[in-house]
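>
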Amino acid sequence: MPGARDQGAARARWLGIGLLGLFLLPVSLSLEVSVGKATTIYAVNGTEILLPCTFSSCFGFENLHFWWSYNSSDTYKILIDGTVKNEKSDPKVKLKDDDRITLEGSTKEKMNNISISLKNLEFSDTGKYTCHLLGCRGAPGDSCSPSPPLFFPFSDHEVEEVDNTVTLIILGVVGGVIGLLIFILLVKKFIAFIIKKTQEKKSGEIMRFCIQKL
Numbered sequence: 001m002p003g004a005r006d007q008g009a010a011r012a013r014w015l016g017i018g019l020l021g022l023f024l025l026p027v028s029l030s031l032e033v034s035v036g037k038a039t040t041i042y043a044v045n046g047t048e049i050l051l052p053c054t055f056s057s058c059f060g061f062e063n064l065h066f067w068w069s070y071n072s073s074d075t076y077k078i079l080i081d082g083t084v085k086n087e088k089s090d091p092k093v094k095l096k097d098d099d100r101i102t103l104e105g106s107t108k109e110k111m112n113n114i115s116i117s118l119k120n121l122e123f124s125d126t127g128k129y130t131c132h133l134l135g136c137r138g139a140p141g142d143s144c145s146p147s148p149p150l151f152f153p154f155s156d157h158e159v160e161e162v163d164n165t166v167t168l169i170i171l172g173v174v175g176g177v178i179g180l181l182i183f184i185l186l187v188k189k190f191i192a193f194i195i196k197k198t199q200e201k202k203s204g205e206i207m208r209f210c211i212q213k214l
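Written out as structure tokens, the structure reads:
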């Protein structure tokens with residue numbers, strides 16, 4: 001019957017979709033990227049900053065392709081580009097746009113870290129920095145979800161030196177007062193000791209005088 005045939009075809013389609021979903025689910029969940037809790041980092045001109053990026057893989061990875069991109073209002077460029085053969089290998093950098101950039105991470109011992117550092121920051125470095133990953137085990141060519149972009153603005157001035165003069169004066173005064181109190185207590189004890197010894201000496205002389213009279 002046509003109705004029964006249509007019902008059978010519909011069930012077959014739904015079964016096929018379900019099996020496809022079960023097949024694709026491990027692939028879509030195989031890699032998770034994290035850049036930490038803070039997605040906005042503040043930096044000072046001339047200093048060094050760490051841009052964190054770590055990932056976790058449920059099924060491992062092979063020939064993982066990673067890169068960091070920079071994006072501002074008028075510029076887009078690849079900062080660093082490299083690959084990781086597998087979990088036992090360290091990342092290999094194929095392209096680096098700036099000598100100030102250093103790959104700080106390691107993928108050995110399940111660290112899965114591809115963080116980078118940027119030295120001698122300039123005001124022109126302000127912008128969005130994004131960590132990208134490509135290629136999960138069992139799905140070569142599939143693009144893993146990129147991490148949220150990191151954005152950091154710069155301070156308009158260098159780090160100000162804190163003036164500790166007032167604090168040092170207060171500490172000096174407090175220390176002087178405490179020292180004076182200790183000195184007064186020591187002098188008081190010393191005087192009391194001398195008075196006690198003098199009284200004992202006088203008492204001894206009076207007793208000797210009385211004995212001689214007797």
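Just so you know, we're using full-length UniProt numbering here: the sequence shown kicks off at 1 and counts up by one.
Yeah, the Cβ is synthetic: ideal placement off N, Cα and C, and Gly gets one too.
#1: When the Cα atoms are used, what is the spatial distance from Val-44 to Leu-121?
#2: Return the first residue and the last residue of the beta strand (DSSP E) that Phe-66 is part of.
#3: The beta strand (DSSP E) with Thr-102 in it runs from where to where?
#4: Go ahead and label Tyr-76 buried or exposed: buried means 16 or more other beta carbons lie within 10 angstroms of its beta carbon, across all protein chains shown.
#5: Provide the residue span of the beta strand (DSSP E) that contains Lys-92, from first to last.
#6: For the ligand ZN, any of its heavy atoms closer than 7 Å to the Cβ of Thr-198?
#7: Would you decide whether Gly-175 is buried or exposed? Buried here means 16 or more other CB atoms lie within 10 Å of its CB.
#8: Suppose you measure from the CA of Phe-190 to the CA of Lys-201; what does that come to, to the nearest Å?
#9: Among the candidates Ser-72, Cys-53, Leu-50, whose CA atom is the shortest distance from the CA of Phe-123?
According to the structure data:
#1: Taking the sequence shown and counting its residues from 1, the one referred to as residue 44 is at position 44. Taking the sequence shown and counting its residues from 1, the one referred to as residue 121 is at position 121. For Val-44 and Leu-121, the gap between their C-alpha atoms comes out near 7 Å.
#2: Translated into the one-based positions of the sequence shown, residue 66 becomes position 66. Following the DSSP letters along the chain, one finds Phe-66 inside the beta strand (DSSP E) bounded by residues 64 to 71.
#3: Within the sequence shown, residue 102 is the residue found at index 102, counting from 1. That run of the beta strand (DSSP E) goes 101 to 103.
#4: Locating residue 76 in the sequence shown gives position 76, where the first residue counts as 1. Exposed, since its Cβ has fewer than 16 Cβ neighbours within 10 Å.
#5: The residue you call residue 92 lines up with position 92 of the sequence shown. Lys-92 -> beta strand (DSSP E) spans 92 to 96.
#6: For the ligand ZN, the structure offers nothing, since it holds no ligand at all.
#7: Your numbering for residue 175 matches position 175 in the sequence shown. Taking all protein chains in view, the Cβ of Gly-175 is surrounded by fewer than 16 other Cβ atoms within 10 Å, so the residue is classified as exposed.
#8: The count along the sequence shown starts at 1 and reaches residue 190 at position 190. The count along the sequence shown starts at 1 and reaches residue 201 at position 201. In a straight line, the C-alpha of Phe-190 is about 17 Å away from that of Lys-201.
#9: Position 123 of the sequence shown, counted from the first residue, corresponds to residue 123. With distances taken between Cα atoms, Phe-123 lies closest to Ser-72.
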